[in-house]
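Counted from 1, the sequence shown has number 55 at position 64 by the working numbering; the numbering is strictly sequential.
We put the beta carbon where it would ideally sit given N, CA and C, even for glycine.
Data block below; observations after.
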Amino acid sequence: MIGVLSVCSHRGPLTYASDQDGTSSRSAGGLVAVLGPLLENMIGRWTAAPMSAADRVRAQGPQSGLVHFVDIPADLHRPFYDTACVTGLGFLFHSLFDTAYTPLFDSKFMAAWDAYIEVNRRYASSVTHDGLSGPVLVEDYHLMALADQIRSIDPSFRRTIAYFHYVPWCPPAVFHLLPQKLRHQVLAWLLAFDTIGFHARAWADEFVACCDAFLPGVQCDRAQISWRDREVRLQVTPAQIAARSLRSACSAESVLALRACIERWADGRPLLIRVDRVDLWKNIIRGFIAFEEYVRSDRVKGHDLRFVAVLATSRAHLPQYRRYLDACQAEAERINQALSGGSQGPIRLVVDTDRDSVLAYLSAATAVLANSTSDGLNIVPKESVVAGEGRPRLILSQNMGVYEEIGQWAIGVNPYDITQTAEAIGLSLHSSPPSGFTELRAAVEQNDPQRWIRNRLGHATPMTPRNY
């Protein structure tokens, strides 16, 4: 069991539909999926932003229990999240800007940047008054200013503050798009933490490159960064899944019944599966086009295959995300029409289904495709190894953190290369399971979320407070 923890993240593990009856539901999202297993043994507090009106009511009064909501009104949360985080920093780190049109660092963005700092200040105030003594885990780019704000409020703060960056870190040429002041702020904020963690060495190296390029006087190596007479430790430790509980969930009667239905529908045909939130970097459309290119080859007919895309809507209040979901659906319909003369073609879209269905599809898969243009980790391939008991072939983008961890047992692809991905689909659907599947399963199952947290804190020592 890990000791007393204070976890800070944008989205918490629970959200409330009503402030009257106390009914809560499990939050969605990759971060909660990774950290959720900690809830079973966690002692401390999970600090999060309110996601619903009922959450905001709770944030304004006395709170008890594990989850504590910070008082962030909707009109403050909106620019913080939509503009500063998602379409600002999120697009930057995933290299999503179309530089003919974006980014626009105008007065609207700078107002959102001020909102970002204010939200981090409110989290910091909550942490400094939480009465705990254990480490503070800060989760992802929504809260990069948190350590700096904590130390501004309480210069004598001695608890370890450990930051983890869930998404990719972009190359210096992309980070350079930020105005100089913002570049310096982001890097200085992060170097106020005791440790900075990444899922993959590639992202840690890009961060070091940005510090070296944009912070005068910094001294960097691959293990630590020295700046202003302080040393900040870098941790490369990919997030782990709770394999035992996942295996138990896959053996539930409800999942087994769904899997049997899926196998009857597949009727012995190879089954290609992808499971994604509809985020712009997941590269869903290119995956469809690569499947079409493979089917159009001389070796196969569309009715001999099945391709299921299990999609969870994400940030649907933003127009960029609504357009992307519409484009995914339109592309699947176009390909089904082209390959079969009707909508009942080889591609099936399953949108916003439940967890049992996701596990059933992964456990029935012949192959699993994850071809993100850039991804901090992508936990789905690891889940598919457990759900499918090591049988499914993995097609993995070489631009994902998980490829660095288990890519030796997968078919790696350039996510922009349609022909290479098409060839990988063919190889995965019509070849035997990888010879190293025993080693692959061991690599995925040997660690767990508890050990991952210990790895993140393993070299952490409290910093000497700096003068603010």
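Thr304 has no beta-bridge partner at all, per DSSP.
Note on geometry: alpha-carbon atoms of Cys211 and Ala164 lie some 18 Å from one another. Counting other Cβ atoms within 10 Å of its Cβ, Arg346 stays below 16 and is therefore classed as exposed.
Taking the C-beta atoms as reference points, Ala230 is found nearer than 8 Å to Trp443. Less than 8 Å separates the beta-carbon of Ala240 from that of Leu350. Taken atom to atom, the span from the alpha-carbon of Asn438 to that of Ala415 is near 29 Å. Per the Cβ contact rule, the stretch 71 to 82 is not in contact with the stretch 49 to 57 (fewer than 3 Cβ pairs under 8 Å).
In this structure, the straight-line span from the alpha carbon of Arg313 to that of Val269 is close to 9 Å. DSSP lists Gln210, Glu222 as the bridge partner or partners of Ser217.
Scanning its chain for C-beta atoms nearer than 8 Å, with the 5 sequence neighbours on each side dropped, one finds around Phe100 the residues Thr74, Ala75, Gly79, Pro94, in chain order. Contact check for Ala361 against Arg277 fails: the beta carbons are separated by 8 Å or more. In the DSSP assignment, Gly398 falls outside any alpha helix (DSSP H), carrying neither H nor E. Looking only at Asp121, Leu330, Asp131, the smallest Cα-Cα distance to Arg287 is reached by Leu330. In this structure, Leu237 and Ala378 form a Cβ contact; the two beta carbons are roughly 7 Å apart against a cut-off of 8 Å.
The secondary-structure analysis by DSSP pairs Ile152 across a beta bridge with Val127. Per DSSP, Leu350 lies in no beta strand (DSSP E) segment; the continuous alpha helix (DSSP H) that holds it begins and ends at 346 to 355. Between the alpha carbons of Ser388 and Ser363 lies a distance of about 6 Å. Distances from the alpha-carbon of Glu109 to those of Met135, Ala153, Asp121 put Met135 closest. Annotated three-state conformation of Ile416 is helix, per DSSP. Distance between Leu340 and Phe298, taken at the CA atoms: about 9 Å. Ile253 and Tyr352 have their alpha carbons spaced roughly 7 Å apart. Here the alpha carbon of Ser86 sits roughly 34 Å from the alpha carbon of Tyr7. Shortest Cα-Cα distance from Cys202 to any of His190, Thr228, Cys161, Ala191 involves Cys161. Following the DSSP letters along the chain, one finds Phe198 inside the alpha helix (DSSP H) bounded by residues 192 to 205. By the neighbour-count criterion, in which a residue is buried when 16 or more other Cβ atoms sit within 10 angstroms of its Cβ, Thr429 is exposed. Comparing alpha carbon positions, the residue from Ile63, Gly122, Ser124 closest to Arg113 is Ile63. In terms of CA proximity to Gln399, Arg384 leads the group Asp408, Arg384, Ala413, Glu374. The alpha-carbon of Trp218 is positioned some 8 Å away from that of Leu182.
With contacts defined as CB atoms closer than 8 Å, Pro440 and Leu26 qualify as a contacting pair. Taking Pro372 as reference, the option from Arg150, Val435, Ser117 with the minimal CA-CA separation is Val435. The Cβ atoms of Val61 and Gly35 do not sit closer than 8 Å to each other.
Contact between Arg2 and Ala39 holds: CB atoms are separated by about 6 Å, below the 8 Å threshold.
In its chain, beyond the 5 residues on either side, Ile232, Leu237, Leu353 have a beta carbon closer than 7 Å to the beta carbon of Glu374.
Here DSSP, grouped into helix, strand and coil, assigns Cys161 to coil.
Comparing alpha-carbon positions, the option among Ala204, Ala356, Thr228 lying closest to Ile187 turns out to be Thr228. When the beta-carbon positions are compared, Ser(-3) and Asp139 stay at least 8 Å from each other.
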